[in-house]
Amino acid sequence: MKNKKPILGITMGDPSGIGPEIAAKTLAKKKIYDMCRPIIVGDANVMVQAIKITGVDLKVNRVYNVGDALFRYGTMDVYDLKNTDMEQLVYGKVSAMAGKAGFEAVKKVIELALHGEIDATITGPINKEAMNLAGFHYSGHTEIYAHYTKTKNYTMMLACGSLRVVHVSTHVSLREACDLVKKSRVFEVIKLANETCKDLGICSPRIGVAGLNPHAGENGMFGFEEKQEIEPAIEEARKIGINAEGPIPPDTVFSKANGGQYDIVVAMYHDQGHIPMKVVGFNWDEQRKKWTSVSGVNITLGLPIIRVSVDHGTAFGKAGKGTANEESLVNSIEYGVKLANSRKL
């Protein structure tokens, strides 16, 4: 395995969304097979339909074991879960059937990675409402992975080009997010950020830690979280040799990172980190009424397996039309390959 291209398990996502279509467009690119051995995990009939919708030149090889995959350009290997009734599938509609199919693909790809059958997992977009309708009560991919890998200390990292962001909290209310800014959690996220940058080939990561409050609290004028929780966490990280700076005012730290001053930023809550990432990676053209760029990836840190995801949702409004942008999935595979190769060294 050491000298072979890594095997990447790619989930189809919610079959009512754009996941299958962007998977078809992505695997129609020869460069994907030049860097890895990809296998789609989901329903083969859904993928056959996605190929027709997008008009790409691919055949489908249905497999029930990773060992039966061909990994040959021009043929899409699909680990067939047979979990979607095509007569009932409606593009752009939330349904329990689609939610179940999307969830089962995620669960299976986790199992394959834990058993060492694949080297990294790449996830297509799922719909949280559909998944919950199906009886799987998770707030997102990150929580599913944490549950099935029995991981307690984990976090989300977003990346677009050289801009990288990790989060102290994600899918909670803003009120709860403030309460979760604690020294121990901030310290843990700083460590995860440092380790991941090294996995990506950055020898001495420079970590910028954002404040929670405006102006990073302005010495207690606008809040005490910086003095009581964030600063002590940064000091603790420095004691073990991590190059962390802050707390830095949130309205400037991302611009500094985007300009190259930091290799990664520790954000205190979901939107603090997501908004600057999507301003950089998502570009809407009002005249053409379309997204000209949908780039960026979502990586779960702290897991025993590799998980990289597209940084966008199911885009139900575009599903079934063949027009969805596959850029984020291509980026995700590139990151998955980097991380898989790093773990093999």
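Under our numbering, the very last position in the sequence shown is 572; numbers go up by exactly one each time. For every residue, glycine included, the Cβ atom is placed at its ideal position computed from N, Cα and C. This structure is a prediction, so every number in the text was calculated from the model and none was measured.
Across which residues does DSSP place Ser536 in a beta bridge pair?
Thr350, Asn525
Ala460, enclosing alpha helix (DSSP H) - first and last residue
458-466
Does the distance from the C-beta atom of Val333 to that of Tyr306 stay below 8 angstroms?
no
Buried or exposed: where does Cys387 fall if 16 or more other Cβ atoms within 10 Å of its Cβ makes it buried?
buried
Taking the beta carbon of Leu556 as the centre, do at least 16 other beta carbons fall within 10 Å, making it buried, or is it exposed?
buried
Starting from Glu415 and walking both ways along the alpha helix (DSSP H), at which residues does that stretch end?
410-426
Where does His364 sit, in a helix, a strand or coil, going by DSSP?
coil
Which residue wins for smallest C-alpha separation from Leu339, given the options Met448, Gly294, Ser400?
Gly294
Taking the alpha carbon of Met384 as the point to measure from, which residue in Ser396, Ala542, Phe414 has its own alpha carbon closest?
Ser396
Please list, in chain order, all residues of the same chain as Leu390 whose beta carbon is under 7 angstroms from its beta carbon, the five residues on each side excluded.
Ala484, Asn485, Met504, Val507
Pro265, DSSP secondary structure in three states:
strand
Mind checking Gly428: buried by the 16 CB within 10 Å criterion, or exposed?
exposed
For the putative contact between Ile434 and Asp490, defined by C-beta atoms under 8 angstroms, what is the C-beta separation to the nearest angstrom?
7 angstroms
Could you compute how far the alpha carbon of Pro247 sits from the alpha carbon of Tyr562?
20 angstroms
Nonlocal neighbours in the same chain, by C-beta distance under 6 angstroms from Ile249, ignoring five residues either side:
Ala551, Glu553, Leu556
Would you say the stretch 528-547 touches the stretch 443-462, given that touching needs at least three Cβ pairs under 8 angstroms?
no
Leaving out five residues on either side along the sequence, give the residues of the same chain with a beta carbon under 6 angstroms from the beta carbon of Tyr260.
Tyr300
Measure the alpha-carbon distance for Val317 versus Asp241 and round it to whole angstroms.
11 angstroms
Smallest Cα separation from Asn470: which of Thr479, Ala546, Ala460?
Ala460
With a floor of 4 residues, list each alpha helix (DSSP H) that falls wholly inside the stretch 266-324, ordered by position along the chain.
271-281
Among Met303, Val290, Thr253, Glu370, which has the Cα closest to the Cα of Val275?
Met303
Any idea if Met313 is buried or exposed, counting beta-carbon neighbours within 10 angstroms, 16 or more meaning buried?
exposed
Quick one: Cα of Phe414 to Cα of His374, how far?
22 angstroms
Return the residue from the list Gly487, Gln514, Asp478 that minimises the CA-CA distance to Ile502.
Asp478
Identify every residue that forms a DSSP beta bridge with Glu472.
Gly435
Which one of Lys258, Val416, Ala271, Ile278 has the shortest CA to CA distance from Lys379?
Val416
Does DSSP put Phe509 in a helix, in a strand, or in coil?
strand
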